[in-house]
Amino acid sequence: MYGQTKMESPNIVIIEADDLGFGDLSCYGATAIQTSGMDRLANEGLRFTDAYCTAATSTPSRYSLLTGMYPWSNPQAKILPGNAALIIDTHRITLPKMMRSAGYVTGAVGKWHLGLGDGAVDWNQPIYPGAKEVGYDYSFIQAATNDRVPCIFIENGKGVGLSADDPLYVNYRMNFPGEPTGKDNPKLLRMHPSVGHGGSIVNGVPRIGFQKGGKAAQWRDEDMAELFLEKAKHFLQENQNRPFFLYYGLHQPHVPRVPNERFVGKSGMGPRGDVILEADWCVEEFLKELDRLNLTDNTLVILTSDNGPVLDDGYQDQAEELVGSHKPAGPYRGWKTMRYAGGTCIPFIVRWPGVVEPGVSDAFVCQMDLLASLASLVGQSYPDRTDSQNTLQTFLGKNRKGRNELVIEGMLDYAYRQGDWVMIPPYPGENRTYELYNIRKDPEQKNDLSESEPKVLRRMMMRFEELKRETGKKTNF
Numbered sequence: 005m006y007g008q009t010k011m012e013s014p015n016i017v018i019i020e021a022d023d024l025g026f027g028d029l030s031c032y033g034a035t036a037i038q039t040s041g042m043d044r045l046a047n048e049g050l051r052f053t054d055a056y057c058t059a060a061t062s063t064p065s066r067y068s069l070l071t072g073m074y075p076w077s078n079p080q081a082k083i084l085p086g087n088a089a090l091i092i093d094t095h096r097i098t099l100p101k102m103m104r105s106a107g108y109v110t111g112a113v114g115k116w117h118l119g120l121g122d123g124a125v126d127w128n129q130p131i132y133p134g135a136k137e138v139g140y141d142y143s144f145i146q147a148a149t150n151d152r153v154p155c156i157f158i159e160n161g162k163g164v165g166l167s168a169d170d171p172l173y174v175n176y177r178m179n180f181p182g183e184p185t186g187k188d189n190p191k192l193l194r195m196h197p198s199v200g201h202g203g204s205i206v207n208g209v210p211r212i213g214f215q216k217g218g219k220a221a222q223w224r225d226e227d228m229a230e231l232f233l234e235k236a237k238h239f240l241q242e243n244q245n246r247p248f249f250l251y252y253g254l255h256q257p258h259v260p261r262v263p264n265e266r267f268v269g270k271s272g273m274g275p276r277g278d279v280i281l282e283a284d285w286c287v288e289e290f291l292k293e294l295d296r297l298n299l300t301d302n303t304l305v306i307l308t309s310d311n312g313p314v315l316d317d318g319y320q321d322q323a324e325e326l327v328g329s330h331k332p333a334g335p336y337r338g339w340k341t342m343r344y345a346g347g348t349c350i351p352f353i354v355r356w357p358g359v360v361e362p363g364v365s366d367a368f369v370c371q372m373d374l375l376a377s378l379a380s381l382v383g384q385s386y387p388d389r390t391d392s393q394n395t396l397q398t399f400l401g402k403n404r405k406g407r408n409e410l411v412i413e414g415m416l417d418y419a420y421r422q423g424d425w426v427m428i429p430p431y432p433g434e435n436r437t438y439e440l441y442n443i444r445k446d447p448e449q450k451n452d453l454s455e456s457e458p459k460v461l462r463r464m465m466m467r468f469e470e471l472k473r474e475t476g477k478k479t480n481f
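Using this note's numbering, the first residue of the sequence shown is number 5, and each one after it goes up by one.
As structure tokens, then:
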């Protein structure tokens, strides 16, 4: 007999996609693409329509989810190169540490991008500190993003497939002598950059940064999705008889978008659409494995994305030309990197059969609150001050209170949400005055009410400055 008996505290799985937009799922209104796997979660769970990450870029958003802290409290919480040091203080509480203290076995599979080691990593030796030191018992990850070196997998702190006779070297300042780059060798490329991405060539694709050696360990982009899926399924199989927490980081639809051959051309929207279908298939297969192991009823699954969508993100893959009527950000203004809602309002679905009633919630929630909320669920406390709020009852659909305010980070700038209002401070070279929008009535953020609602604006300006002090803002933007 497989599976566990019903427990008071469920297994918990967070599936986080990379650059998947609010409007990229058919359960969120997309018609040009059908996402049956993700739709299954929506049909069987609670779909949130006003859910946010803290930042419109990967590293700071993931930092908040894992630590429960605003990214502005850590100046290193910014888009990292692939050889950056671990940016999480290993002495602080994290989501997996909290789950482990509750008796859960913890695992991380897929996208990482939070730094590894001390900034001077020898990739051919055990990497310390890493996923284990922030709370994961098991990890199979990529160091950063698909378009950044090193293009290898790391399992439990060790590079997979590396050998002493072909060691791996990584540099983000200069190339290694004799190594071809995308910038100087366009004839060697099967995918060409639109901007940047002129570094080392791996699998015919130019990347950011330079690497040498480790040829046998280099990944093949077409195989990444299924490999991560198999590792995630194996984690379920290995731990089906004890409570587990799994962070499953999908690498799609981040660039370079290189789907497995069986998904090529399936979406009609080019590689970006194809890798969304591939990601959806991964979700569907993962849910089937929960079914097979009789774990579905006792597993809380959360599906979300690290930030909003982007079309051209550095490669000539026709994402802009083939998008057609599809709206990756749904009704919202803005994209990845932007402080407007399209950069941070993301898909967020919670399924826990028998506990979470299927439906739709318009409650204002944030990924950063998973730490405090899940701690409440499993009966844990922690001494560290965090910015995470306990909104468990909202996540479970028992009320629609959510949170009242949130600071949202774009690319070196911020917006501040309070209730239905969004305030955007002025920034040099862009908006020269404050902007104010009612996001509920005006999701496209077209109607600036800063002049007609001076009292609301002043209240938010004062509270925004107060929040900077209360939360220990350290960034200089």
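Beta carbons are placed, not taken as given, at the ideal position from N, Cα and C, and that holds for glycine.
Since the structure is predicted, the reported quantities are computational estimates derived from the model, not experimental observations.
Please report the distance separating the alpha-carbon of residue i from that of residue j.
i: Pro-79; j: Arg-296; result: 44 Å
i: Gln-259; j: Asp-317; result: Looking at the sequence itself, residue 259 is Val, so the reference to Gln does not match. Distance between the alpha carbons of Val-259 and Asp-317 is about 7 Å.
i: Leu-453; j: Ala-345; result: 16 Å
i: Asp-28; j: Glu-409; result: 26 Å
i: Tyr-6; j: Lys-115; result: With a pLDDT of only 31 at Tyr-6, under the threshold of 50, the placement of this residue in the model should not be trusted; the figure read from the coordinates follows. So the alpha carbons of these two residues sit roughly 29 Å apart.
i: Met-466; j: Tyr-418; result: 15 Å
i: Thr-308; j: Leu-291; result: 15 Å
i: Val-109; j: Glu-137; result: 14 Å
i: Asp-188; j: Asn-435; result: 39 Å
i: Arg-337; j: Val-327; result: 16 Å
i: Trp-339; j: Gly-347; result: 4 Å
i: Ile-19; j: Leu-254; result: 7 Å
i: Leu-118; j: Cys-31; result: 30 Å
i: Thr-53; j: Asp-278; result: 24 Å
i: Thr-390; j: Cys-286; result: 33 Å
i: Gln-422; j: Arg-246; result: 41 Å
i: Ile-280; j: Ile-37; result: 9 Å
i: Glu-226; j: Ile-158; result: 18 Å
i: Ala-21; j: Tyr-56; result: 14 Å
i: Leu-396; j: Gln-146; result: 31 Å
i: Ala-46; j: Pro-190; result: 43 Å
i: Met-73; j: Gln-371; result: 11 Å
i: Glu-288; j: Asn-298; result: 15 Å
i: Gln-8; j: Thr-303; result: Any reading at Gln-8 needs caution, since the residue's pLDDT is 40, under 50, leaving its predicted position unreliable; the model's value is listed next. Going from the Cα of Gln-8 to the Cα of Thr-303 covers about 10 Å.
i: Leu-240; j: Asp-141; result: 13 Å
i: Ile-350; j: Leu-70; result: 17 Å
i: Arg-266; j: Arg-276; result: 14 Å
i: Arg-261; j: Thr-341; result: 19 Å
i: Phe-468; j: Gly-182; result: 52 Å
For residue i, collect the residues of the same chain with a Cβ closer than 6 Å to its Cβ; drop the 5 residues on either side in sequence, then sort them by chain order.
i: Met-134; result: According to the sequence provided, residue 134 is Gly. The question's Met does not apply to it. Leu-120 and Gly-161.
i: Asp-284; result: Thr-39, Gly-41 and Met-42
i: Arg-194; result: Gly-208
i: Val-354; result: Gly-49, Leu-50, Ile-306, Val-360 and Phe-399
i: Ile-83; result: Thr-61 and Thr-63
i: Val-113; result: Phe-144, Phe-232, Lys-235, Ala-236 and Tyr-252
i: Gly-25; result: Gly-312, Pro-313, Pro-332 and Ala-333
i: Lys-101; result: Gly-139
Going by DSSP, which residues form a beta bridge with residue i?
i: Arg-44; result: For Arg-44, which the question treats as bridged, DSSP gives no partner whatsoever.
i: Gln-215; result: Val-174
i: Val-369; result: Ala-55
i: Gln-422; result: Glu-409 and Trp-425
i: Arg-355; result: Val-305
i: Asn-442; result: Trp-425
i: Gly-363; result: Leu-50
i: Glu-20; result: Gly-253 and Thr-308
i: Asn-15; result: Thr-303
i: Thr-185; result: Ser-204
Please return the same chain residues whose Cβ sits closer than 8 Å to the Cβ of residue i, not counting the five positions on each side in sequence.
i: Lys-478; result: Trp-76, Ser-77, Asn-78 and Pro-79
i: Met-178; result: Phe-214
i: Asn-480; result: Pro-79
i: Val-206; result: Val-153, Cys-155, Gln-215, Gln-222 and Trp-223
i: Thr-185; result: Asn-179, Gly-202, Gly-203, Ser-204, Ile-205, Pro-210 and Phe-214
Who are the near neighbours of residue i in its chain, counting only those whose CB is closer than 7 Å to its CB and skipping five residues on each side?
i: Pro-357; result: Glu-48, Thr-300 and Asp-301
i: Glu-457; result: Leu-440
i: Tyr-173; result: Phe-180, Gln-215, Lys-216 and Gly-217
i: Arg-463; result: none
i: Thr-475; result: Tyr-74, Ser-77 and Asp-391
i: Asn-407; result: Checking the sequence shown, residue 407 turns out to be Arg, not Asn. Taken in chain order, the residues that qualify are Phe-368, Val-369, Cys-370, Asp-373, Gln-393 and Thr-395.
Whether or not the segment 358 to 368 and the segment 376 to 394 are in contact is what I'm after, with contact meaning three or more pairs of Cβ atoms, one per stretch, closer than 8 Å; do they touch? no
Entirely enclosed beta strand (DSSP E) segments - the segment 243 to 269, minimum 3 residues: 248 to 253
Of all the beta strand (DSSP E) runs that stay within the bounds of the segment 267 to 330, which reach a length of 3 or more residues? 303 to 309
Inter-stretch contact (C-beta, 8 Å, three-pair minimum) for the segment 163 to 178 and the segment 216 to 235: yes
Is it the case that the segment 197 to 211 contacts the segment 318 to 328, given that we only count it when at least three CB pairs across the two stretches are under 8 Å? yes
Of all the beta strand (DSSP E) runs that stay within the bounds of the segment 92 to 163, which reach a length of 3 or more residues? 109 to 115, 142 to 146 and 157 to 159
Is there contact between the segment 14 to 21 and the segment 266 to 278, where contact requires at least three CB pairs shorter than 8 Å? no
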